[in-house]
Amino acid sequence: MRYGAARIAPLLLILLLGCCLHHARVIGPVETVKLVSKDGRETIEVKAKIDTGAYSSSIDESLAIKLGYGDAIEYYRSFGVEGPLTREEVRRLREGGIKERLKKHPDISDAVFVYSANGVTLRIKIPLTFYLDGVRIESEVTVARRSWLKYPMIIGRRDLKGFLVNPSGEVER
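The sequence shown lines up with residues 765 to 937 when you count with the working numbering.
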């Protein structure tokens, strides 16, 4: 009997996947997360949407304020760049160094232009520690107005390493 690479490769793949999947935590499309305040003294529990289509995580402005980032939100608002932006406005803001100016605030780790179905917006990023299924995650999340959406937080792919998402929502704990 000859065992060629074509016959062995699928078996190796199954073995490797089995090992990897054994260590992954299975979560549903909506999870309760525990957010840690900026000073680390308080936690807030919220329902978050698990969004594998988004690269980074995002929280609502009002939630960021409750977590202690009110000064950063006010600083961002003082620039008057809220709402959808035109291409010309994006170009002008980039040339004016808006991202570098926003990062001068100690709580703002970055500023990014986000392209979505609603248009282009400029969002700040803040450091945030949260717990997902008991796992501590230290991240940088964008801040957006999400009050009109069902969930005040989305968790993107960057923060989902080590997790498997069961889209049916049936997760055994």
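Beta carbons: idealized from backbone N, C-alpha and C, even for Gly.
query: Let me know the beta strand (DSSP E) ranges lying completely inside the segment 872-930, each 3 residues or longer, listed in chain order.; result: 874-880, 883-896, 899-908, 917-919 and 927-929
query: Leaving out five residues on either side along the sequence, give the residues of the same chain with a beta carbon under 6 Å from the beta carbon of residue 789.; result: 897 and 927
query: Can you tell me where the alpha helix (DSSP H) with residue 854 in it begins and where it stops?; result: 851-859
query: Look at the alpha carbon of residue 919 and the alpha carbon of residue 800, and state the distance between them as a whole number of angstroms.; result: 15 Å
query: Residue 873 and residue 904 - do their beta-carbons sit closer together than 8 Å?; result: yes
query: Output the distance between the C-alpha atoms of residue 804 and residue 832, rounded to the nearest integer angstrom.; result: 10 Å
query: Can you tell me which of the three DSSP states residue 824 falls into?; result: strand
query: With 8 Å set as the bound, which would you pick, yes or no: does the beta-carbon of residue 848 sit closer than that to a beta-carbon of chain C?; result: The chain inventory of the structure shown lacks chain C, comprising one protein chain alone.
query: Report the residue from 925, 902, 857 and 921 whose alpha carbon sits nearest the alpha carbon of residue 802.; result: 902
query: With DSSP as the reference, please indicate the residues paired to residue 789 in a beta bridge.; result: 927
query: If residue 881 sits next to residue 822, beta carbons under 8 Å apart, how far is it from one beta carbon to the other, in whole angstroms?; result: Residue 881 to residue 822, Cβ: 14 Å. No contact.
query: Using the three-state DSSP reduction, which class does residue 802 fall into: helix, strand or coil?; result: coil
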